[in-house]
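Asks: Chains as they are written, first to last, in this note's numbering: chain A, 765 to 934; chain B, 1089 to 1550.
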């Protein structure tokens, strides 16, 4: 079934949330619409679905890779150019720990950043239906519903007090 | 803590993007002037590399002078970013909002400036690569990872990469605002940088988690960086007064002291330059002033401990360095007078200025106090490094004191112009106050009635 994107713009959070509730009552699943804002609102402010993510896994993977790189670099450097000092072991653990620590943290941070971008579904190569007024404070309600439900969705958005409603066809 | 009024998003965009969408008349003349100073320093560096370090005052025994002092100073300034951004973000301090971005950007630029110092200090900068990184496969010469001079680049590069990522991720929503407010080639660039950001709940949720998660990850790096910088000195057994276990926390707290002071001064300048009175308010400067009293006192404690530990052991060499620092010297260099000046302007003067609430809200007084701290902290590093090396030691027969030469003064002076120029150029293309953070603060701001009083309140999410 072909989908149609419809964007309603609201002046305040209350009317946007009401529009969301009205869409839900009309049988439109909460996965079919999204609220677009220019700043973070408290979770659940619009009655939106809870977002699941796996961001917390990324730092662990990065840390593990960073630690491994740190161990390899420091150990191989010392083995490749052995500096024997007073009969002590060639692999000196305290300095290795410092470089490994930095490697671990660097890996964790780099992978967290990759995770944030990936889990945010970015980069998005093609912007869908959007309006510049969203970054001026209006709240967008973007609905991706089946084409035949288009007129009904527009009616709901207008009825909930949208200051403007536009669709992909406009 | 909520003295400002709630502003519409359109006005926040207009005010905070003014530095990007309009060019003030003073902007290019100031940037050109700063650029010229940097150019003079670059030429001086060229001459120094060509003719050798003989044009500096460095000698045997004082081999670490102005450049290394300046390196530690700028590393110190770089600690402001994480201190303000990460700690205050984790502590959910509302007043952090206008200060975080400027602090993080100052971190990046001061780290970059700091890294230039040891590189040029080597005299043969091209060699530093194979001293620090295991890359020279052809000759089979590998770095000695047992020296702090190898730990240092690993820590600083980790910190620089992390801070840059931290800033870049937080900039994405602001790039979207710029994408929507620009036309032509700037629009195309900001569209690319915004990566298709549309501001849905998932993106915002991850952006908020990112702030907290990255803050928690960068904090240990922040502590490690200045600890490792302190080990550049602390691990040197041969030089008395450097070999102290208190150095790591002492350096970290000192770095926060100078860094936060620098951020306060930068915020006052930005407020004045771009007319951001509604965003960088007296309450923010006041809060930072109170924080600085605590930080300064913590730093003063470590300073006293460092001196007491040095004297308490009654070791001859250690006492000789302390005598050089606190008593008149044979060579006539007045380290003792500099010591008094340094303690006075780093602790007593600023703390006295920060104590009365009215003075903390006076921007002239706050600027004076913050500049005073930074002059003092620069002097602190100098007085920590140079007397230790100039001190006469057993079985060493060549003695010299250190007199900085014009080349060093030009290069060190120009680093301040370099950081200022980079900050100004950054503010020309990216917002220095995070727009979405300010807008979020306004959304969460409300007033509640308690009895007959209406008081400000802020809703916070866990």
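Ideal Cβ placement from N, Cα and C applies to all residues, glycine included.
As the structure is a computational prediction, the values presented were derived from the model and not from experiment.
Using 8 Å for Cβ pairs, my map puts residue 1343 of chain B next to residue 1314 of chain B. What's the rounded Cβ distance?
Replies: Right, the Cβ-Cβ distance comes to about 5 Å (below 8 Å), so this counts as a contact.
Asks: Taking the DSSP output, what are the residues bridged to residue 1538 of chain B?
Replies: B:1541, per the DSSP bridge assignment.
Asks: Taking C-alpha atoms, which residue in A:931, A:794 and A:812 lies nearest to residue 801 of chain A?
Replies: Checking every option, the nearest Cα to that of residue 801 of chain A belongs to A:812.
Asks: Just the C-alpha distance for residue 1259 of chain B and residue 1520 of chain B, rounded to the nearest angstrom, thanks.
Replies: Approximately 10 Å between the Cα atoms of the pair.
Asks: Are any of the Cβ atoms in chain A nearer than 9 Å to that of residue 1337 of chain B?
Replies: Chain A, which has no Cβ nearer than 9 Å to the Cβ of residue 1337 of chain B, makes this no.
Asks: Output, in chain order, the set of chain A residues within a Cβ distance shorter than 9 Å of residue 1488 of chain B.
Replies: Those within 9 Å of residue 1488 of chain B in chain A number zero; the least Cβ separation is about 30 Å.
Asks: In terms of DSSP beta bridges, what is residue 1107 of chain B paired with?
Replies: Bridge partners of residue 1107 of chain B: none, in fact.
Asks: Listed from N- to C-terminal order along the chain, which residues in the region 807-825 of chain A have their beta-carbon within a distance smaller than 7 Å of any beta-carbon of chain B?
Replies: Hits within the stretch, in order: 807, 812, 815, 817, 819 and 823.
Asks: Would you report the Cα separation of residue 862 of chain A and residue 1240 of chain B, rounded to the nearest angstrom?
Replies: Looking at the two C-alpha atoms, the distance is approximately 10 Å.
Asks: Exposed or buried, residue 1268 of chain B, counting other C-beta atoms within 10 Å across all chains shown (16 or more means buried)?
Replies: By the 10 Å Cβ count, residue 1268 of chain B comes out buried.
Asks: Determine the direct distance from the alpha carbon of residue 1208 of chain B to that of residue 1137 of chain B, and round the result to whole angstroms.
Replies: Spanning the two alpha carbons is a distance of roughly 8 Å.
Asks: Any residues in the region 786-809 of chain A with a beta carbon nearer than 7 Å to a beta carbon of chain B? Which ones, in chain order?
Replies: Listed by position, the residues of the region 786-809 of chain A near chain B (Cβ gap below 7 Å) are 798, 799, 800, 801, 802, 803, 804, 805, 806 and 807.
Asks: Check the C-beta distance from residue 1192 of chain B over to residue 1254 of chain B and give it rounded, since I have them as a contact under 8 Å.
Replies: Between residue 1254 of chain B and residue 1192 of chain B the Cβ distance is about 6 Å, and since that is below 8 Å, they are a contact.
Asks: So for residue 1089 of chain B, helix, strand or coil by DSSP?
Replies: With a pLDDT of only 48 at residue 1089 of chain B, under the threshold of 50, the placement of this residue in the model should not be trusted; the figure read from the coordinates follows. Coil at residue 1089 of chain B, not helix or strand.
Asks: Looking at the unbroken alpha helix (DSSP H) that takes in residue 1312 of chain B, where does it start and where does it end?
Replies: That run of the alpha helix (DSSP H) goes 1289-1322.
Asks: Look at the alpha carbon of residue 778 of chain A and the alpha carbon of residue 1359 of chain B, and state the distance between them as a whole number of angstroms.
Replies: In a straight line, the C-alpha of residue 778 of chain A is about 34 Å away from that of residue 1359 of chain B.
Asks: Throw me the rounded Cβ distance for the residue 1145 of chain B and residue 1153 of chain B pair, which I believe falls under 8 Å.
Replies: Rounded, the Cβ-Cβ distance is 6 Å, consistent with contact.
Asks: Just to confirm my understanding: we take residue 796 of chain A, look at its own chain, exclude 5 residues before and 5 after, and list those with CB closer than 6 Å. What are they?
Replies: These residues qualify, in order along the chain: 908 and 909.
Asks: On the criterion of 16 or more Cβ atoms from any shown chain inside 10 Å, does residue 1443 of chain B qualify as buried, or is it exposed?
Replies: Exposed: under 16 other Cβ atoms inside 10 Å.
Asks: Below 8 Å on the Cβ atoms is my guess for residue 1318 of chain B versus residue 1335 of chain B; work out the distance and round it to an integer in Å.
Replies: Yes, residue 1318 of chain B and residue 1335 of chain B are in contact; Cβ-Cβ is about 4 Å, under 8 Å.
Asks: For the region 1280-1293 of chain B, which residues have a CB atom closer than 8 Å to at least one CB atom of chain D, in sequence order?
Replies: Here chain D cannot be found, since the structure's protein chains are A and B.
Asks: Contact between the region 1464-1472 of chain B and the region 1425-1440 of chain B: three or more CB pairs below 8 Å?
Replies: Result yes; three or more Cβ-Cβ pairs closer than 8 Å.
Asks: For chain B, check one thing: does any of its Cβ atoms lie closer than 9 Å to the Cβ of residue 929 of chain A?
Replies: Chain B contact via Cβ: absent.
Asks: Would you identify the three-state DSSP class for residue 767 of chain A, choosing helix, strand or coil?
Replies: Strand, per DSSP.
Asks: Per DSSP, what kind of secondary structure is residue 1204 of chain B in: helix, strand or coil?
Replies: DSSP places residue 1204 of chain B in helix when its eight states are reduced to three.
Asks: Could you name the residues of chain B that residue 883 of chain A contacts, counting a contact when the two beta carbons are closer than 7 Å?
Replies: The contacting residues are 1294.
Asks: Under the rule that 16 or more other beta-carbon atoms within 10 Å means buried, what is residue 1469 of chain B, buried or exposed?
Replies: It counts as buried.
Asks: Please list the terminal residues of the continuous alpha helix (DSSP H) segment that includes residue 1520 of chain B.
Replies: Counting along the chain, residue 1520 of chain B falls outside any alpha helix (DSSP H), and DSSP gives it neither H nor E.
Asks: Closer than 8 Å, Cβ to Cβ, to anything on chain B: give me those residues from the region 852-877 of chain A, in chain order.
Replies: The residues in question are 856, 859, 860, 862, 863, 865, 866, 867, 869, 870, 872, 873, 874, 876 and 877.
Asks: Taking residue 910 of chain A as part of the beta strand (DSSP E), name the residues at either end of that continuous run.
Replies: First-last of the beta strand (DSSP E) with residue 910 of chain A: 903-910.
Asks: Ignore the nearest five residues each way along the sequence and tell me which others in residue 920 of chain A's own chain have a CB closer than 7 Å to its CB.
Replies: Excluding positions up to five away in sequence, the list reads 783, 786, 787 and 790.
Asks: Below 8 Å on the Cβ atoms is my guess for residue 768 of chain A versus residue 911 of chain A; work out the distance and round it to an integer in Å.
Replies: That belief holds up - the Cβ atoms of residue 768 of chain A and residue 911 of chain A are roughly 5 Å apart, short of 8 Å.
Asks: So what does DSSP say about residue 797 of chain A, is it helix, strand or coil?
Replies: If DSSP states are grouped into helix, strand and coil, residue 797 of chain A belongs with the strands.
Asks: Determine the extent of the beta strand (DSSP E) in which residue 1262 of chain B is found, giving its start and end residues.
Replies: Run containing residue 1262 of chain B: none in the beta strand (DSSP E); it sits in the alpha helix (DSSP H), 1236-1269.
Asks: For a contact meaning CB atoms closer than 7 Å, what does residue 901 of chain A contact in chain B?
Replies: Within 7 Å Cβ-Cβ: 1096, 1097 and 1098.
Asks: Does the CB of residue 1276 of chain B have a neighbour CB from chain A at under 9 Å?
Replies: Residue 1276 of chain B does not count as touching chain A.
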